[in-house]
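Scroll down for the structure; my scribbles are underneath it.
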Amino acid sequence: MIPKLAVVPALQTRRSDPVRASVAANQEPAVVSVICVNYNGGALLVDCVQSVLASSVSIELIISDNGSSDGSLNLLRAALKEDRRLKIVENGRNLGFAGASNAALVQAHGQYVLFLNPDCLIHPDTLQIMCDEMDARPNAAIAGCVIRNPDGSEQAGCRRRMPALWSGFGRAFGLDDFLKRFSAYDPVEMNSEPLPAHPIEVEAISGAFMFVRRSALEAVGPLDEGYFLHCEDLDWCMRFRQGGF
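If you read the sequence shown in the numbering used here, its first letter stands for residue 5, the second for the next number, and so on.
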């Protein structure tokens, strides 16, 4: 089965590990537009940006800042000085994740768009692998990857089921472990299940790393700004499925 909402197990995005990266300016048209929403991200933002700019594919990186007051933009500018691949959108206030993502999206030109949290670090070949996987699956609209916590464990939200009545209740009230005793119960998060050896179709992925085909995005529309923070990723995944992707 060709994945439509895919988790690619072969690559890993790590959170909050130090990375050194080259930031040489690149004039090539962007294959991937990376959108990163920042709100007081501090030094983590700089590490994230440096890891993205070290990618082996042509990229543009758009930082959408929600009125940060911690000097993170000054840190970023001091660390990178002038890199034409980097754009900074200053929203002046906190628009939330969806609002800030959409504000950056109007400036994105890549064939693919990656929505990446500012505390994530990617490997130099991460985006190339994602492009290759999506190119091989023209029906795939959106894909995620394995996101590792600093201790190496899989982050809970990488691969998810859409919340049903009981799974949503269990997740909201921290009762997953208790409800797992019942054979009919399927929790939202799938990280307790073995990682697949190849890309699989899942119902939802994590908003921390959403790799989206531009043509599918244009068909479905941007993130719903009615969600200020959380659940906008689940809503988007559901809309992609309802749109036939």
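We treat Cβ as the ideally placed atom computed from N, Cα and C, and that holds for glycine.
What three-state label does DSSP hand residue i in the structure shown?
{"i": "Asn143", "result": "coil"}
{"i": "Val224", "result": "helix"}
{"i": "Asp136", "result": "helix"}
{"i": "Cys162", "result": "coil"}
{"i": "Ala108", "result": "helix"}
{"i": "Pro78", "result": "The sequence as given places Asn at residue 78; Pro does not occur at that position. Of the three classes helix, strand and coil, the one that applies to Asn78 here is helix, per DSSP."}
{"i": "Asp69", "result": "strand"}
{"i": "Ala102", "result": "helix"}
{"i": "Ser157", "result": "coil"}
{"i": "Phe249", "result": "coil"}
Taking residue i and residue j to be in contact with their CB atoms under 8 Å, please state how far apart those CB atoms are, rounded to whole angstroms.
{"i": "Ile250", "j": "Phe119", "result": "With the chain represented from 5 up to 249, any question about residue 250 goes unanswered, as that position is not in the structure."}
{"i": "Ala104", "j": "Val50", "result": "Actually they are not in contact, since the Cβ atoms of Ala104 and Val50 sit about 18 Å apart, beyond 8 Å."}
{"i": "Val35", "j": "Gln111", "result": "Between Gln111 and Val35 the Cβ distance is about 16 Å, and since that is not below 8 Å, they are no contact."}
{"i": "Arg218", "j": "Val53", "result": "No, Arg218 and Val53 are not in contact; Cβ-Cβ is about 22 Å, not under 8 Å."}
{"i": "Val56", "j": "Ile126", "result": "6 Å"}
{"i": "Arg164", "j": "Val216", "result": "Not quite, the Cβ-Cβ distance comes to about 17 Å (not below 8 Å), so this is no contact."}
{"i": "Asn44", "j": "Ser68", "result": "The pair is not a contact, with the Cβ atoms about 14 Å apart (cut-off 8 Å)."}
{"i": "Asn70", "j": "Asn98", "result": "4 Å"}
{"i": "Leu227", "j": "Ala102", "result": "4 Å"}
{"i": "His113", "j": "Ser62", "result": "The Cβ separation is near 11 Å, so there is no contact."}
Looking at the secondary structure, which residues open and close the alpha helix (DSSP H) in which residue i lies?
{"i": "Leu49", "result": "46–57"}
{"i": "Phe244", "result": "236–246"}
Can you tell me whether residue i sits near the ligand GTP, meaning its C-beta is under 7 Å from at least one heavy atom of the ligand?
{"i": "Pro122", "result": "Although the ligand GTP was asked about, the structure shown includes no ligands whatsoever."}
Among the options, which has the Cα closest to the Cα of residue i?
{"i": "Gly225", "options": "Ala208, Arg245, Ala212", "result": "Arg245"}
{"i": "Asp87", "options": "Ile126, Asn98, Glu94, Ala58", "result": "Ala58"}
{"i": "Ser157", "options": "Ala145, Leu199, Arg141", "result": "Leu199"}
{"i": "Ile146", "options": "Gly46, Val41, Asp237, Ala47", "result": "Asp237"}
{"i": "Ala201", "options": "Lys85, Arg89, Cys149", "result": "Cys149"}
{"i": "Ser60", "options": "Ala208, Gly211, Asp129, Asp228", "result": "Asp129"}
{"i": "Ala223", "options": "Lys91, Arg243, Ser76", "result": "Arg243"}
{"i": "Leu79", "options": "Ala107, Leu109, Asn42, Asp136", "result": "Asn42"}
{"i": "Pro33", "options": "Arg89, Gly75, Leu48", "result": "Arg89"}
{"i": "Glu229", "options": "Gly100, Met138, Arg81", "result": "Gly100"}
{"i": "Cys124", "options": "Ala108, Gly46, Ala140", "result": "Gly46"}
{"i": "Ile209", "options": "Ala160, Phe249, Leu221", "result": "Ala160"}
{"i": "Gly2", "options": "Leu77, Arg81, Cys162", "result": "Shown here, the chain extends from 5 to 249; a query on residue 2 therefore has no answer."}
{"i": "Asp136", "options": "Pro203, Val93, Ala108", "result": "Pro203"}
Just reading off the beta strand (DSSP E) that residue i is part of, what are its end residues?
{"i": "Leu199", "result": "No beta strand (DSSP E) holds Leu199; DSSP gives it neither H nor E."}
{"i": "Asn42", "result": "36–42"}
{"i": "Arg217", "result": "213–217"}
{"i": "Lys91", "result": "90–94"}
{"i": "Val117", "result": "116–120"}
Counting contacts by CB-CB distance shorter than 8 Å, is residue i in contact with chain C?
{"i": "Ala104", "result": "Absent from the structure: chain C. Only one protein chain is present."}
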